[in-house]
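Numbering (this note's numbering), first residue to last: 52 to 825.
Encoded structure:
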């Protein structure tokens, strides 16, 4: 990818840095090699660099390298904005146009990707599958991915943005996805996804078949229950028929007995009248007996309730009297405790004031300590600057033209002469910082001694507060006891009355029970007399026997009718069960075929899942990444050797060892330090070492991608990557850039740097300040 021309309109970075509404960069005429973007902080360099690519992302401001992690609206102002980038890739010319409209009520963004036709006109890009760039973000991203690949791969191997994540911090799944795209293995991932989709589709079909199997299993259980129900119905039917035959025989026997009793009926009307009279009297006595028993129960319930009530009163009064001594002394104890609490509360207030003074002193101590830390940082920086200025001034005495008339006018020594002027100023400033530092240290010494008492004072306050809380609880208890004093006399009188009521209740219960026993004995005696006379007259009374036989005959006929109905119902139920069994048996006839289908689907799903896993991250892709590891490591180590010497070499491990000795797929970068003959993880290196190893690793991935796939991007981008490096490493950093251009066949690299030595190494410079003037 080679940017040719960029126009930005309505961007905040352009307005604030260049004081312009719109800026245009013509990059086609720039020479090959290293192109530096220079200018002070805030001049708009990063805004230009972040838009020298066609992806709808400003990578230095994105949380991750995907379009959904960035919004242009945070970097635009006014009602309209536009980005217009012409670029070249694979000998074709493209144009990316982003249009933003914000009239106030709603915001609208359009993204277009054009391709230059043979007649010189720009036409919307159309993919072989018919997808055309129509202004929507989704269609633009899909069209751009088809031309350049994913943004993750581009911003990992080609574009080094500010605040980018080091390669070593990628998770295993992220690095696999990235390397799969860089190695051209995305088609395997697509095939794996398609195989997974097939497996999911088959799984849905299998779920339907398994639901059918589950339904058939339920039908099979239903058939078992039907067979049991049919057997039970047959058994019940046989039992009902036997009962009907027995009841028919019993009815015939009752008819014969009634005929015999009716023939013998010859009792007199007087005997019958006496029998009726005796039966009426016997019923009245039975009712009297029931009434006596009910009255006795009601009286017993009322007496028991009254006894429980009196017992509770006695217990309550006794409980009050048991506290008599404590109640009588509670008033004096309460007054004494209240006076003690007043003194303790005053002591707590004094302790709180002392702690407040110490806490204010602690705030002053903390502020002085913070000032000392700031003075230490400023002093270190000032001392370092003085040392640097001394080194620059010393050059004036070591240059070959020392003592020559042109020495004072030599333009090469202008910086040294300026450093000589600054040296005296910085020396005075450093002296003032040290004096201020000593004064604050002296001020902190007496504070430290006083603050040692703060912890003991707080502990004393906590103990006093706890003692006051316990005293207040005891005061509440004593006040409650003292309030019960008027209740003592009432409790004593109430106890005596309740005990007298209990004695009266016991006497009344005794009299009532004795009266009940006498009444019951009298009723029993009268019933006994009536029963003896009934026995004497019963041999001549056959009317009751005939009535009883008639009732039995009626019940027998009703039982026979009920048994006939039950037999008919059982016959219908048996026929229903038999019909249902035949239907269920017909449904279950196809169950073996359904089971076979489920087994075939399960086998097919297992094969598709195996294929999806084999073509996925943990299969062929992982093996391909393992194969690429040595070649990628060799490229990175060649860059390290060419730029920084033999000190550092890296090793990429695609498998990590577990505690049990087994291995699993992973991603780890180990760095060997030849100077110290040691090996450590990339994350444990210093900031500057991380910079150059990560840059070599990033560029190594780009070189491997270009060599393996044959797809070259022609242009590299780097935004302020050399900041933490020392001067020697910065020169080596520039050598690495040229080595990458050479090995990868890149045409140029755009980079941002605030280091004059690095800018001097550039083949061309884009001065952002000059753009602001223009």
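All residues carry an ideal CB built from backbone N, CA and C; glycine is no exception.
All of these numbers come straight from a predicted model, not from anything done at the bench.
Can you find the residues in the same chain that come closer than 8 Å, C-beta to C-beta, to residue 724, ignoring five residues on each side of it along the sequence? In the chain shown, counting from the first residue as 1, residue 724 sits at position 673. The answer, listed in chain order, is 698, 699, 730, 731.
When the Cα atoms are used, what is the spatial distance from residue 243 to residue 249? On the chain shown, position 192 is the one that residue 243 refers to. On the chain shown, position 198 is the one that residue 249 refers to. C-alpha separation (whole angstroms): 10 Å.
Please state the DSSP three-state secondary structure of residue 52. Working through the chain shown from its first residue, we reach residue 52 at position 1. Coil.
Going by DSSP, name the residue or residues bridged to residue 135. Indexing the chain shown from 1 puts residue 135 at position 84. For residue 135, DSSP records a beta bridge to 58, 148.
Taking a contact to mean a Cβ-Cβ separation below 8 Å, would you say residue 495 touches residue 412 in this structure? Taking the first residue of the chain shown as position 1, residue 495 is located at position 444. Taking the first residue of the chain shown as position 1, residue 412 is located at position 361. Contact: no.
So, are the CB atoms of residue 191 and residue 166 less than 8 Å apart? Taking the chain shown and counting its residues from 1, one reaches residue 191 at position 140. Taking the chain shown and counting its residues from 1, one reaches residue 166 at position 115. No; because the gap between Cβ atoms is not below 8 Å, this pair is not in contact.
From residue 79 to residue 64, what does the alpha carbon distance come to, in whole angstroms? Numbered from 1 along the chain shown, position 28 holds the residue referred to as residue 79. Numbered from 1 along the chain shown, position 13 holds the residue referred to as residue 64. For residue 79 and residue 64, the distance between alpha carbons rounds to 23 Å.
Look up residue 129 in the DSSP assignment and say whether it is helix, strand or coil. One-based indexing of the chain shown puts residue 129 at position 78. Residue 129: coil per DSSP, three-state reduction.
Hey, quick one: how far does the alpha helix (DSSP H) through residue 35 stretch, first residue to last? The question about residue 35 has no answer, for the chain in this structure spans 52 to 825.
Separation of residue 264 from residue 642, as counted between CA atoms: Here residue 642 corresponds to residue number 591 of the chain shown, with the count starting at 1. Here residue 264 corresponds to residue number 213 of the chain shown, with the count starting at 1. Answer to the nearest angstrom: the Cα atoms are 7 Å apart.
Cβ pair residue 100, residue 801 closer than 8 Å: Your numbering for residue 100 matches position 49 in the chain shown. Your numbering for residue 801 matches position 750 in the chain shown. Yes, the pair counts as a contact, with Cβ atoms nearer than the cut-off.
What is the DSSP secondary structure of residue 110, counted as helix, strand or coil? By 1-based counting over the chain shown, the position of residue 110 is 59. Of the three classes helix, strand and coil, the one that applies to residue 110 here is helix, per DSSP.
What does DSSP give as the partner residue(s) for residue 173 in the beta ladder? The residue you call residue 173 lines up with position 122 of the chain shown. Residue 173 is bridged to 167.
Buried or exposed (CB count within 10 angstroms, at least 16 for buried), residue 799: Taking the first residue of the chain shown as position 1, residue 799 is located at position 748. Buried, since its Cβ has 16 or more Cβ neighbours within 10 Å.
Hey, is the region 404-411 in contact with the region 516-529, meaning 3+ C-beta pairs nearer than 8 Å? no
Contacting residues, own chain, Cβ-Cβ under 6 Å from residue 291 (five flanking each side not counted): Here residue 291 refers to the residue found at position 240 of the chain shown. Taken in chain order, the residues that qualify are 614, 617, 618.
How would you label residue 21, buried or exposed, when you count the other beta carbons within 10 angstroms and need 16 or more for buried? The structure shown has nothing for residue 21, since the chain only spans 52 to 825.
Can you say whether residue 335 is buried or exposed, counting buried as having 16 or more other CB atoms within 10 angstroms of its CB? Your numbering for residue 335 matches position 284 in the chain shown. Exposed: under 16 other Cβ atoms inside 10 Å.
Rounded straight-line distance, which links the Cα of residue 484 to that of residue 433: For the purposes of this step, residue 433 is identified with residue 382 of the chain shown, where counting begins at 1. For the purposes of this step, residue 484 is identified with residue 433 of the chain shown, where counting begins at 1. Taking the CA atoms as reference points, residue 433 sits about 9 Å from residue 484.
In terms of alpha-carbon separation, which member of 567, 156, 195 lies closest to residue 175? On the chain shown, residue 175 is found 124 positions in, with the first residue counted as 1. It is 195.
Is the beta carbon of residue 107 sitting closer than 8 Å to the one on residue 149? Mapped onto the chain shown, residue 107 falls at position 56. Mapped onto the chain shown, residue 149 falls at position 98. Contact: yes.
With DSSP as the reference, label residue 729 as helix, strand or coil. Counting from one through the chain shown, the residue named residue 729 turns up at place 678. Three-state DSSP puts residue 729 in a strand.
Straight-line gap, residue 558 to residue 597 (C-alpha atoms, nearest Å): Working through the chain shown from its first residue, we reach residue 558 at position 507. Working through the chain shown from its first residue, we reach residue 597 at position 546. The straight-line gap from Cα to Cα measures roughly 54 Å.
Secondary structure of residue 628, DSSP reduced to three states: Looking up residue 628 in the chain shown gives position 577. Helix at residue 628.
Local conformation of residue 360 per DSSP, three classes: Taking the first residue of the chain shown as position 1, residue 360 is located at position 309. Of the three classes helix, strand and coil, the one that applies to residue 360 here is helix, per DSSP.
Nearest to residue 794 (by Cα), restricted to the options 767, 728, 811, 400: Here residue 794 refers to the residue found at position 743 when the chain shown is read from its first residue. Relative to residue 794, the option among 767, 728, 811, 400 whose CA is nearest is 767.
Report the three-state DSSP secondary structure of residue 251 (helix, strand or coil). Within the chain shown, numbered from 1, the residue matching residue 251 stands at position 200. Helix, per DSSP.
Am I right that residue 683 and residue 755 are in contact with their C-beta atoms under 8 Å? What's the rounded C-beta distance? Taking the first residue of the chain shown as 1, we reach residue 683 at position 632. Taking the first residue of the chain shown as 1, we reach residue 755 at position 704. The pair is a contact, with the Cβ atoms about 5 Å apart (cut-off 8 Å).
Between the CA atoms of residue 584 and residue 590 - distance to the nearest angstrom: The residue given as residue 590 occupies position 539 in the chain shown. The residue given as residue 584 occupies position 533 in the chain shown. Confidence at residue 590 is low in this model, with a pLDDT of 48, below 50, so the placement of that residue should be treated as unreliable; the coordinate-derived value is given next. So the two alpha carbons sit approximately 11 Å from each other.
For the region 83-90 against the region 181-190, do three or more pairs of beta-carbon atoms, one drawn from each stretch, fall closer than 8 Å, so that the two count as touching? no
Residue 40 - containing alpha helix (DSSP H), residue span: The displayed coordinates of the chain run from 52 to 825. Any statement about residue 40 would go beyond what the structure contains.
Given a cut-off of 8 Å on the beta-carbon distance, is the pair residue 59 and residue 73 in contact? In the chain shown, the residue the question calls residue 59 occupies position 8. In the chain shown, the residue the question calls residue 73 occupies position 22. Taking 8 Å as the Cβ cut-off, residue 59 and residue 73 qualify as a contacting pair.
When you compare only the Cα positions, how much space is there between residue 114 and residue 104? Within the chain shown, the letter at position 63 stands for residue 114. Within the chain shown, the letter at position 53 stands for residue 104. The straight-line gap from Cα to Cα measures roughly 18 Å.
Which parts of the region 503-575 are runs of the alpha helix (DSSP H), unbroken and 4 residues or longer, counting only runs that do not cross its ends? For the region 503-575, whole alpha helix (DSSP H) runs of length 4 or above, ordered along the chain, are 505-533.
Helix, strand or coil for residue 76? Go by DSSP, reduced to three states. As a first step, residue 76 must be located in the chain shown, where it is residue number 25. If DSSP states are grouped into helix, strand and coil, residue 76 belongs with the strands.
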